[in-house]
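Worksheet for the structure shown next.
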Amino acid sequence: MTVRWAFIGAGRHAKLWIAPAIEGATNAEAVGVWSRQPENAAAFAARHHIPTVYPSLEAAIADPKVDAVFISTPNNLHGPHALAALRAGKHVLCEKPMAVTVDEARDMVGTARHVGVQLGLGFHLRHHQLLVEARRRVSHGDIGAVLYATAQFNLTSSPPPRVNIPHAPWKRDPAAMGGAAALMGMGVHVIDVLRFLLGQEIVSVSAFAVDYRPELPLETFAQVMLEFEGGTQGHLVYGGRFPLSKNDVVLYGEKGRIVAESVVDVRTIGSLQVAVPDGPTGVRTDTHQPILVDNYRREIEAFSLAVETGQPFAASGIDGLRSVEVQTAIIESQRSGKRVGVTRTDD
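Here the sequence shown stands for residues 31 to 377, numbered as in our numbering.
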């Protein structure tokens with residue numbers, strides 16, 4: 031089965047990563063696009079050979095030729111646009127953050143369940159082959175119980191050729207962003223990566239942000255201390271303030287260490303090493319380096335397969351809801367300067 035996709039939003043992310051992923055996927059094709067700026071939709075359709083430009087959101091989600099939609103509109107519109115598409119019976123793959131409030135995220139999960147369609151999140155790193163392998167090693171107990179985990183995402187670190195496409199003006203609007211900047215653009219990815227690898231929920235956060243002000247809460251850099259329900263301690267760094275960042279994920283366990291180098295990126299790159307003690311002084315290191323397939327293509331193919339078969343998708347609506355709960359606690363911690371517990375809601 032070939033799943034037929036429509037784009038809701040035709041901005042930078044869809045242009046750079048998702049449209050090429052659908053073009054390269056074995057079980058997907060793009061059949062339409064809608065944007066709040068009609069000229070953007072027309073240019074996007076011409077660039078990616080998409081046959082239909084819709085005059086309205088309502089027209090896009092009413093099209094019987096559309097099986098699934100990819101939503102990449104401003105953050106504060108993810109919820110309303112996703113809910114409209116879900117109620118129209120469309121499967122929805124939504125860019126992160128899933129929503130800007132917990133209530134909205136919970137409504138999305140409930141609506142998808144009621145209608146009987148798939149709701150997934152664009153956490154592309156869950157499809158990175160090296161992180162999938164790291165998760166397998168953790169669950170297999172290769173490094174024992176994980177005691178400490180850290181991840182970093184700084185987008186100014188990309189080597190040449192660097193992409194020079196300006197960000198949309200809405201990314202300077204606190205309301206459209208959802209009350210944070212670096213958190214919504216990069217932080218949510220590393221939050222989800224550690225949840226994915228550990229299989230544990232985050233129970234509290236302590237966040238420290240640069241350039242954060244209550245009247246303009248668009249931080250450029252932040253670090254967050256995490257406490258997980260299983261006792262693991264965590265640390266996140268994210269933002270855009272310095273070049274040549276080591277965008278790694280590192281897990282320290284009772285029996286060894288896992289290092290996933292350079293994997294936290296929009297590009298599909300990196301390497302994986304699992305190191306364990308060997309005798310009284312030695313270290314045994316296993317390097318995992320498969321031929322990597324584009325994360326976004328794997329994401330689109332996996333979601334299309336979930337649409338066809340009804341099987342679970344790697345980044346479900348519940349994962350999106352849990353991420354919104356954590357991001358809400360981080361924003362509160364940035365504002366108060368205090369440790370904040372994560373309130374987990376019913377799904």
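By construction, the Cβ of each residue, glycine as well, lies at the ideal position given by its N, Cα and C atoms.
Can Asn106 and Ala206 be called in contact, C-beta distance under 8 Å?
-> Locating residue 106 in the sequence shown gives position 76, counting from the first residue. Locating residue 206 in the sequence shown gives position 176, counting from the first residue. Against a cut-off of 8 Å, the Cβ pair of Ala206 and Asn106 comes out as a contact.
Are the segment 136-148 and the segment 210-217 in contact at 8 Å, needing three or more beta carbon pairs?
-> No, because fewer than three Cβ pairs between the segment 136-148 and the segment 210-217 fall closer than 8 Å, the two stretches do not touch.
Let me know if Leu274 comes out buried or exposed under the rule of 16 or more other beta-carbons within 10 Å of its beta-carbon.
-> Numbered from its first residue, the sequence shown carries residue 274 at position 244. With fewer than 16 other Cβ atoms from the protein chains shown falling within 10 Å of its own Cβ, Leu274 counts as exposed.
For Pro110, three-class secondary structure by DSSP = Stepping through the sequence shown from its first residue, residue 110 is reached at position 80. Note: Pro110 maps to helix in three-state DSSP.
Are the beta-carbon atoms belonging to Gly286 and Ile173 less than 8 Å from one another?
-> In the sequence shown, counting from the first residue as 1, residue 286 sits at position 256. In the sequence shown, counting from the first residue as 1, residue 173 sits at position 143. Yes.
Classify Met31 as buried or exposed, calling it buried when 16 or more other Cβ atoms lie within 10 Å of its own Cβ.
-> Along the sequence shown, one-based indexing puts residue 31 at 1. When all chains shown are included, Met31 counts as exposed.
Would you call the CB atoms of Ser86 and Ala44 closer than 8 Å?
-> As a working mapping, residue 86 is identified with position 56 in the sequence shown. As a working mapping, residue 44 is identified with position 14 in the sequence shown. Cβ distance not < 8 Å, so Ser86 and Ala44 don't count as in contact.
Can you grab the Cα-Cα spacing for the pair Leu335 / His154, in whole Å?
-> Within the sequence shown, numbered from 1, the residue matching residue 335 stands at position 305. Within the sequence shown, numbered from 1, the residue matching residue 154 stands at position 124. Answer to the nearest angstrom: the Cα atoms are 16 Å apart.
Lys201: which of Ala36, Glu249, Glu134 sits nearest, CA to CA?
-> Indexing the sequence shown from 1 puts residue 201 at position 171. Taking Lys201 as reference, the option from Ala36, Glu249, Glu134 with the minimal CA-CA separation is Glu249.
Would you tell me roughly how many angstroms separate the C-alpha atoms of Ile48 and Val96, rounded to the nearest one?
-> Residue numbering aside, residue 48 sits at position 18 when the sequence shown is read from its first letter. Residue numbering aside, residue 96 sits at position 66 when the sequence shown is read from its first letter. One C-alpha to the other measures close to 16 Å.
How long is the line joining the alpha carbons of Ile232 and Ile360, rounded to whole angstroms?
-> Here the question's residue 232 lines up with position 202 in the sequence shown. Here the question's residue 360 lines up with position 330 in the sequence shown. Distance from the CA atom of Ile232 to the CA atom of Ile360, rounded to whole angstroms, is 11 Å.
Cβ-based neighbour list, Ala332, same chain, cut-off 7 Å, excluding 5 preceding and 5 following | Numbered from its first residue, the sequence shown carries residue 332 at position 302. Only His157, Phe343, Ala344 meet the Cβ criterion.
Ala90 versus Gly109, Val220, Arg66, residue with shortest Cα-Cα distance | Sequence index remark: in the sequence shown, residue 90 carries index 60 (1-based). Distance check between Ala90 and each of Gly109, Val220, Arg66 places Arg66 closest, using alpha-carbon atoms only.
How many Å lie between Arg243 and Glu355 at the Cα?
-> For the purposes of this step, residue 243 is taken as the residue at position 213 of the sequence shown. For the purposes of this step, residue 355 is taken as the residue at position 325 of the sequence shown. Taking the straight line joining both Cα atoms gives about 21 Å.
Is it buried or exposed for Glu245, if we count other Cβ within 10 angstroms and need 16 for buried?
-> Taking the sequence shown and counting its residues from 1, the one referred to as residue 245 is at position 215. Glu245 should be labelled exposed.
Residues in its own chain within less than 7 Å of Glu291 by CB, not counting five upstream and five downstream?
-> Counting from 1 along the sequence shown, the entry for residue 291 is found at position 261. Cβ neighbours of Glu291 beyond the five flanking positions: Asp278, Gly300, Ser301.
Proximity to Asp203 [Cα-Cα], best of Gln341, Pro104, Gly340, Ala51 | Numbered from its first residue, the sequence shown carries residue 203 at position 173. When each option's Cα is compared against that of Asp203, the closest is Pro104.
CB-CB under 6 Å to Glu134, same chain, minus the five flanking residues each way: which ones, in chain order?
-> The sequence position of residue 134 within the sequence shown is 104, counting from 1. Closer than 6 Å at the Cβ level, and outside the excluded window around Glu134, lie Gly109.
Taking Cβ to Cβ, would you say Ser236 is nearer than 8 Å to Arg352?
-> As a position in the sequence shown, residue 236 is number 206, starting the count at 1. As a position in the sequence shown, residue 352 is number 322, starting the count at 1. Going by C-beta atoms, Ser236 is not nearer than 8 Å to Arg352.
Pro307, enclosing beta strand (DSSP E) - first and last residue | In the sequence shown, counting from the first residue as 1, residue 307 sits at position 277. For Pro307, the enclosing beta strand (DSSP E) covers residues 301-308.
Quick one: measure Cβ to Cβ for Tyr326 and Ala51, integer angstroms, because I've assumed they're closer than 8 Å.
-> Locating residue 326 in the sequence shown gives position 296, where the first residue counts as 1. Locating residue 51 in the sequence shown gives position 21, where the first residue counts as 1. The beta-carbon distance between Tyr326 and Ala51, rounded to whole angstroms, is 4 Å. This is short enough to meet the 8 Å contact definition.
What's the call for Ala112, buried or exposed, on a 16-neighbour Cβ count within 10 Å?
-> Residue numbering aside, residue 112 sits at position 82 when the sequence shown is read from its first letter. It is buried - the Cβ of Ala112 has at least 16 other Cβ atoms within 10 Å.
Hey, Phe258 and Leu227: beta-carbon distance below 8 Å or not?
-> Counting from 1 along the sequence shown, the entry for residue 258 is found at position 228. Counting from 1 along the sequence shown, the entry for residue 227 is found at position 197. Taking 8 Å as the Cβ cut-off, Phe258 and Leu227 do not qualify as a contacting pair.
Within 8 Å, strictly: CB atoms of Asp349 and Leu151 = As a first step, residue 349 is located in the sequence shown; it is residue number 319 there, counting from the start. As a first step, residue 151 is located in the sequence shown; it is residue number 121 there, counting from the start. Contact flag set, yes.
Backbone CA spacing between Val323 and Glu362 [nearest angstrom] | Indexing the sequence shown from 1 puts residue 323 at position 293. Indexing the sequence shown from 1 puts residue 362 at position 332. Those two C-alpha atoms are separated by around 38 Å.
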